[in-house]
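This report concerns only the one structure given below.
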Amino acid sequence: MSFITHVLASYLTTISSLLKTLTTVATLYLLIFLLFPLTQNYIRARRTGLRVIISPITPYNLTWRIASSSLRPILQHCTWYRVIDWTCCWQDASLASTSAEKEVLVVSPGLILLCTRDEKTIEGVLRKWREFEKPEWVNDILGTFGRNVDTSNGDDWTRHRKIIAPCFNERASARVWIEALAQTDRLVKSWLDSKSGAIVEGMSTLALNVISAVAFENHNVNEPTAGHTMSLKEALTTVMSTYISPMVEGFMHNPLVRICLPPRIRRLLRAMSEFSQYMDDLVTRERAQSQKHSAAPRNLIQTLIHANAAVDQAGKPQLSDSELRGNVFLFTIGGLESTSATLTYALALLAVNPEVQEWVYEEIDGLTDLSDDYGKVFPRLGRVRAVMFETLRLFAPSPPLPRTYYNPSLPCDIPTSTGSGILTLPPKTQIILNSWPVHHIYSSLSPATSPPSTEWNPKLWLSNAAPEKFFPWGFGPRVCPGMKFSQVEFCAVLVGVFGRVRIKAGREEVQRVLAGSVADPLLLHVREEIRVSVEERD
Numbered sequence: 326m327s328f329i330t331h332v333l334a335s336y337l338t339t340i341s342s343l344l345k346t347l348t349t350v351a352t353l354y355l356l357i358f359l360l361f362p363l364t365q366n367y368i369r370a371r372r373t374g375l376r377v378i379i380s381p382i383t384p385y386n387l388t389w390r391i392a393s394s395s396l397r398p399i400l401q402h403c404t405w406y407r408v409i410d411w412t413c414c415w416q417d418a419s420l421a422s423t424s425a426e427k428e429v430l431v432v433s434p435g436l437i438l439l440c441t442r443d444e445k446t447i448e449g450v451l452r453k454w455r456e457f458e459k460p461e462w463v464n465d466i467l468g469t470f471g472r473n474v475d476t477s478n479g480d481d482w483t484r485h486r487k488i489i490a491p492c493f494n495e496r497a498s499a500r501v502w503i504e505a506l507a508q509t510d511r512l513v514k515s516w517l518d519s520k521s522g523a524i525v526e527g528m529s530t531l532a533l534n535v536i537s538a539v540a541f542e543n544h545n546v547n548e549p550t551a552g553h554t555m556s557l558k559e560a561l562t563t564v565m566s567t568y569i570s571p572m573v574e575g576f577m578h579n580p581l582v583r584i585c586l587p588p589r590i591r592r593l594l595r596a597m598s599e600f601s602q603y604m605d606d607l608v609t610r611e612r613a614q615s616q617k618h619s620a621a622p623r624n625l626i627q628t629l630i631h632a633n634a635a636v637d638q639a640g641k642p643q644l645s646d647s648e649l650r651g652n653v654f655l656f657t658i659g660g661l662e663s664t665s666a667t668l669t670y671a672l673a674l675l676a677v678n679p680e681v682q683e684w685v686y687e688e689i690d691g692l693t694d695l696s697d698d699y700g701k702v703f704p705r706l707g708r709v710r711a712v713m714f715e716t717l718r719l720f721a722p723s724p725p726l727p728r729t730y731y732n733p734s735l736p737c738d739i740p741t742s743t744g745s746g747i748l749t750l751p752p753k754t755q756i757i758l759n760s761w762p763v764h765h766i767y768s769s770l771s772p773a774t775s776p777p778s779t780e781w782n783p784k785l786w787l788s789n790a791a792p793e794k795f796f797p798w799g800f801g802p803r804v805c806p807g808m809k810f811s812q813v814e815f816c817a818v819l820v821g822v823f824g825r826v827r828i829k830a831g832r833e834e835v836q837r838v839l840a841g842s843v844a845d846p847l848l849l850h851v852r853e854e855i856r857v858s859v860e861e862r863d
């Protein structure tokens with residue numbers, strides 16, 4: 326009995342000692358890696374005179390992503406979380422636009438984050454693209470399949486931009502117009518057959534078909550091709566459902582780790598592998614076609630490969646296969662996600678605003694005989710473009726833009742509309758440029774005559790009442806290269822839809838769905854389907 330007692334006492338002593346050691350280690354970790362750097366950053370931030378908010382988690386790192394996805398219902402009630410979470414930033418845009426406080430510093434153990442809605446700061450930072458770069462964590466989100474024009478900086482960005490520029494010429498815009506009209510015609514026919522339509526599914530399918538046809542002449546995205554177990558559509562939509570850091574993805578491919586993963590994550594990894602293979606097959610095929618034929622490139626990817634080869638022949642650095650794949654991925658998600666989201670919001674809003682539909686009909690009806698002629702029709706669609714701009718004012722898919730000073734160890738000056746006009750930021754400060762609140766400010770109208778900032782009113786864009794600052798595609802040299810593409814596709818779809826049909830939906834239901842939009846994992850979008858009734862126009 327005494328032996329057993331002795332053994333138990335020994336075990337208890339060992340466990341007690343182990344717990345003390347773990348407690349000591351945890352305390353040291355907390356002090357060294359969390360509290361000490363947090364205190365340092367807090368002291369630096371206080372010197373700016375701006376309001377300081379403390380975040381216990383370093384924003385946008387892996388810990389943040391895990392906490393944000395699993396604890397959002399709790400965290401969304403915290404001030405520090407609402408300032409840096411993209412969905413919360415969109416939800417609070419109207420309220421933030423009326424606040425006198427345009428800038429706030431969020432202090433965390435890993436960095437200081439300036440969250441600004443100051444239009445002068447946004448414009449100034451975006452102009453100085455060499456001084457203010459994309460932070461490295463952006464590559465974790467958009468660089469999964471390779472570096473691209475959006476994740477690169479400095480001279481590397483210049484190299485990417487010069488090579489991809491020919492992909493977005495007027496010949497390509499004309500192809501987008503024709504393909505978007507053709508896809509819209511098929512969609513409208515299916516809607517008329519059933520007297521109703523699902524906007525989210527319809528716009529997603531349409532946008533994918535357009536980018537697939539224009540980018541790489543693939544008209545069969547719904548079935549797996551030879552050597553694949555997933556269709557291109559299934560692989561892409563699965564990949565877009567979340568994002569995984571390339572480093573974490575490599576770790577997850579370990580056979581022992583993979584066995585322990587839930588089915589959803591295993592399916593995601595398979596989709597990433599499938600999509601990567603699709604992109605590699607595409608680049609290989611189009612490169613072979615370009616070498617065989619000297620004719621002008623037929624699609625966007627051939628244009629990219631042709632431009633890349635021309636750079637190589639000139640003795641300048643070309644894009645690697647990984648970078649080609651990365652840019653193809655960027656083109657695809659840009660042409661799919663942002664365009665389909667904007668079209669979804671616009672059609673939903675038009676469905677509950679029949680007077681705006683009538684206003685659009687008047688413009689489209691005068692151009693019916695010319696609808697196939699991109700060069701003649703597109704420049705005359707002022708009302709249709711106004712619908713797009715007003716939709717983007719309230720529901721721009723792109724989240725706040727991240728930037729970091731090119732030398733994070735040094736302080737930096739940024740322009741601001743408050744105080745002396747210059748704000749000096751401490752070292753290790755990153756910047757989040759939140760343009761959503763800016764879009765709620767009617768700069769040319771007095772507060773007494775301004776309509777409610779949340780009111781959707783496309784007619785403002787054909788007067789002097791529209792917001793003076795508008796950043797849905799970014800601003801400055803790094804403005805989105807696909808900006809014209811998205812405008813052309815949007816206009817073609819609305820011409821195709823409202824040239825033939827009227828759509829209707831319940832106002833309260835649409836407002837509820839739109840209000841529940843989220844900006845996770847990448848872009849602002851609705852979480853529920855929106856169904857409309859469809860009838861042919863007289």
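Under my numbering, the residues of the sequence shown are numbered 326 to 863, in order. Ideal Cβ positions, reconstructed from N, Cα and C, are used throughout, including at glycine. Given the structure is predicted, the values throughout are model-derived calculations rather than measurements.
Just verifying my parser: in three-state terms, what is the DSSP assignment at residue i?
i, result
"ILE855", "coil"
"ARG623", "coil"
"ASP475", "coil"
"HIS402", "coil"
"CYS805", "coil"
"TYR385", "coil"
"LYS784", "helix"
"GLY799", "strand"
"TYR367", "helix"
"ALA375", "Contrary to the premise, residue 375 reads as Leu rather than Ala in this sequence. Here LEU375 sits in coil by DSSP."
"SER771", "Caution applies to SER771, whose pLDDT of 49 falls short of 50 and renders its modelled position unreliable; the model cannot decide the point."
"ILE756", "strand"
"PHE470", "coil"
"THR743", "coil"
According to the neighbour-count rule (16 or more other Cβ atoms, all chains shown, within 10 Å of its Cβ), is residue i buried or exposed?
i, result
"SER760", "buried"
"ILE756", "buried"
"SER771", "Reliability of the predicted coordinates at SER771 is poor, the pLDDT of 49 falling under 50, and the value obtained from them is presented with this limitation in mind. Result: exposed."
"PHE796", "buried"
"MET572", "With a pLDDT of only 47 at MET572, under 50, the local geometry of the prediction cannot be trusted, and the value read off the model is given with reservation. Exposed, by the Cβ-count rule."
"LEU849", "buried"
"HIS765", "buried"
"CYS492", "buried"
"THR509", "buried"
"GLU680", "exposed"
"GLY552", "exposed"
"ARG369", "buried"
"GLY807", "buried"
"SER615", "buried"
"THR749", "exposed"
Among the options, which residue has its Cα nearest to the Cα of residue i?
i, options, result
"GLU599", "LYS641, ASP694, THR669 and THR550", "THR550"
"ASP465", "ALA560, LEU625, SER419 and GLY651", "GLY651"
"VAL835", "GLU854, PRO491, ASP690 and PRO587", "GLU854"
"LEU625", "MET597, ILE488, SER566 and GLY744", "ILE488"
"VAL653", "ILE828, LEU787, ALA523 and PHE541", "PHE541"
"ASP605", "PRO622, PRO587 and ILE630", "ILE630"
"LYS842", "THR667, THR628, ILE658 and LEU420", "In the sequence as presented, Lys is not what sits at residue 842; that position holds Ser. Ranking THR667, THR628, ILE658 and LEU420 by Cα distance to SER842 puts THR667 first."
"ALA621", "LEU644, LEU531 and ALA497", "ALA497"
"LYS784", "GLU426, VAL535 and GLU688", "GLU688"
Are residue i and residue j closer than 7 Å when you measure CB to CB?
i, j, result
"ARG728", "TRP454", "no"
"GLU444", "VAL763", "yes"
"ARG832", "VAL677", "yes"
"THR563", "LEU517", "no"
"THR441", "ALA844", "no"
"LEU533", "VAL513", "no"
"LEU758", "PRO725", "yes"
"ALA671", "THR716", "yes"
"PRO751", "SER734", "no"
"ARG486", "GLY801", "no"
"ASP480", "LEU467", "no"
"TRP415", "SER380", "no"
"LEU706", "CYS585", "no"
"VAL859", "SER529", "no"
"LEU557", "TYR603", "yes"
"TRP786", "PHE714", "yes"
"LEU430", "LEU375", "yes"
"LEU439", "THR754", "yes"
"VAL685", "LEU692", "no"
Could you tell me if the beta carbon of residue i falls within a distance shorter than 6 Å of some heavy atom in the ligand NAP?
i, result
"GLU833", "What this structure holds is no ligand at all, so the ligand NAP is not there to describe."
- Output the residue ranges of the beta strand (DSSP E) runs that lie fully inside the segment 653-709 and measure 3 residues or longer, sorted by chain position. none
- Ignoring anything shorter than 4 residues or poking outside the segment 502-563, list the alpha helix (DSSP H) runs there in chain order. You should have 524-541.
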